[in-house]
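Worksheet for the structure shown next.
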Amino acid sequence: MTDFESFNLAQPLLRALLDEGYAEPTPIQSSTLPLLLAGRDIVGIAQTGTGKTAAFALPLLNRFVKDISRAKPRKPQALILAPTRELAAQIGECIVSYSRFLGVRSLVVFGGASIRPQIANLQRGVHVLVATPGRLLDLMAQGQVQLSAVNFFVLDEADRMLDMGFINDVRKIAQKLPQQRQTALFSATMPHSIEVLADALLTDPKRIEVAPSATTAEKVEQKVLFVRKEQKRSLLDTVLKDKSMSRVLVFTRTKHGANRVVRHLGDSGIKSDAIHGNKTQAARQRALKAFKEGRVRVLVATDIAARGIDVDGVTHVINFELPNDRETYIHRIGRTARAGNGGIALSFCDFDERGMLKDIEHSIRKPIEVFDKHPFHAPEIADSNYRKPKNKSHRKRKLRNKSARKNTGKVKDKSTLSCKSVNSNLQTDKARQGRSSASAKQPQRRSRSKLRGLIKNSPSGSGNHVPNREAA
């Protein structure tokens with residue numbers, strides 16, 4: 000523990016780290032701890048699995064060793080914002096582990112869980128509050144949380160906050176924080192919007208970048224498998240026959256896609272579970288626990304739900320569907336090769352995803368190795384010059400539409416016929432009907448002739464005069 004002792008952390012924290020089996024600090028911890036312990040604001044650019052939770056949690060807790068006043072009702076002294084429930088819960092677990100020998104009270108609040116126990120705990124008082132933006136704003140609106148006593152603020156996974164549309168919520172929360180505070184912002188990537196946010200939230204921050212934001216973990220072995228879209232599930236079955244894939248994380252773009260993959264794997268006899276936004280918090284935690292304990296070999300996840308997954312020993316990440324943006328790919332494959340271990344990332348690529356693959360390769364600054372030793376390899380998709388042939392049914396539909404447009408044009412021509420020709424046709428039809436039932440129509444003709452006489456002999460002498468029915 001000599002390395003952690005060199006940071007002058009308090010003995011209760013060093014004891015907790017020893018119990019947790021922490022041998023030496025990670026690069027982000029080595030760079031961040033001295034600055035945060037000295038009271039500086041920092042911007043940390045680090046991917047998941049680099050130990051950034053301890054990098055901000057240890058300095059935060061070290062403050063309470065020297066001055067641990069009684070927790071005040073509804074007034075936390077430290078605030079940590081996380082974008083997802085899973086990530087908030089994970090951070091909360093770390094805070095509890097590191098503070099086991101301290102008298103620090105902490106609480107995690109997020110949506111999808113009953114608000115009453117959260118309010119009850121806040122009323123008793125907590126030192127450290129870990130929250131998702133939406134639930135925190137709800138509690139603030141109800142007067143259950145006041146941020147006037149916060150002296151240490153952490154914004155974790157800032158880029159994911161941006162992706163999920165929480166940036167305005169973050170700004171609303173930040174407006175309620177005291178000006179005199181210490182702030183740490185962590186993000187796996189640093190787009191321009193996050194840089195603008197950092198300028199607004201932090202004071203003279205020190206920027207720490209463990210690795211360039213566009214690079215991926217060196218120990219992740221990346222491969223791409225070209226496959227037709229309709230054969231992806233069969234390819235997944237084939238890949239998962241490898242028993243060395245003991246803990247596999249499969250990514251889909253949508254919640255419904257995740258459910259379909261789980262159903263298919265179940266039909267194939269492969270035990271799996273899904274974690275996504277449509278699942279209740281209890282169901283998501285059960286699935287994550289089963290995955291951690293090895294009772295479920297395959298966990299299928301969407302990108303947002305997976306942000307809180309902090310599981311060691313993930314042997315493989317499978318991109319069943321490639322992500323829409325390059326940063327998400329970096330986040331995904333960062334779920335393996337954690338804590339110094341190796342890992343493998345397999346990406347299934349169909350024809351429509353080739354553009355996404357090209358963007359990813361440009362982002363990570365190297366081509367991804369093609370793995371074609373599988374029964375569903377599609378060489379035509381691997382060929383960069385290949386153009387997908389047009390569907391015959393699509394061609395027939397196009398011809399039908401073209402024919403319909405021509406017919407529509409003819410109808411328009413007919414509609415331009417003169418009124419004279421239309422009236423002529425109507426008179427011809429009436430003449431035919433008259434010949435077929437002449438005897439039946441004769442009384443009707445006489446009555447019409449009398450009516451014409453009445454109109455002609457009217458006082459106005461106008462054919463447009465209508466007799467007054469009431470007078471009649």
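Its first residue numbered 0, the sequence shown is counted upward by one per residue in numbering that gives the first Met the number 0. Ideal Cβ placement from N, Cα and C applies to all residues, glycine included.
- The residue among C93, L17, L248, F109 with its C-alpha nearest the C-alpha of L136 is F109.
- If you check the CB distance, A304 and T31 do not come in under 8 angstroms.
- Approximately 15 angstroms separates the beta-carbon atoms of L345 and L264; this is outside 8 angstroms, ruling out the contact.
- The Cβ atoms of A22 and R99 lie no closer than 8 angstroms to each other.
- When DSSP states are grouped into helix, strand and coil, T52 belongs to the helix group.
- The stretch 65-81 makes no contact with the stretch 233-245, as fewer than three CB pairs between them are under 8 angstroms.
- The Cβ-Cβ distance between G342 and T314 falls below 8 angstroms.
- Within the same chain, L161 come within 6 angstroms of S192 by CB-CB distance, once the 5 residues on both sides are set aside.
- S245 has its alpha-carbon roughly 6 angstroms from the corresponding atom of R296.
- Taking the CA atoms as reference points, L196 sits about 33 angstroms from I317.
- By the Cβ-count criterion, T253 is exposed, with fewer than 16 other Cβ atoms from all chains shown falling within 10 Å of its own Cβ.
- In this structure, DSSP gives N150 a state outside helix and strand, which the three-state scheme calls coil.
- Boundaries of the alpha helix (DSSP H) harbouring A87: 84-97, taken from the DSSP string.
- A direct Cα-to-Cα measurement between L86 and P11 gives close to 25 angstroms.
- The three-state secondary structure of D2, taken from DSSP, is helix.
- Inter-segment contact for the stretch 176-189 and the stretch 27-47 is present: three or more beta-carbon pairs are separated by less than 8 angstroms.
- Taking C-beta separations shorter than 8 angstroms and ignoring five residues to either side along the sequence, the partners of L356 in its chain run V223, L321, S346, C348, I367, following chain order.
- If you draw a straight line from the Cα of L138 to the Cα of V103, it comes to about 21 angstroms.
- Two segments are said to touch when three or more pairs of C-beta atoms, one from each, lie closer than 8 angstroms; by this definition the stretch 368-381 touches the stretch 218-237.
- Distance from the Cα of L60 is smallest, within the candidate group A81, L36, K71, for L36.
- Sequence-distant partners of A54 (beyond 5 residues in either direction) whose C-beta falls short of 6 angstroms from its own C-beta, in its chain, are I27, Q28, T31.
- In this structure, L80 sits near D155, with a CB-CB distance shorter than 8 angstroms.
- By the criterion of a C-beta distance shorter than 7 angstroms, L8 is surrounded in its chain by L57, N61, once the five residues flanking it on both sides are discounted.
- Put simply, the stretch 158-173 touches the stretch 119-136. At least three CB pairs are less than 8 angstroms apart.
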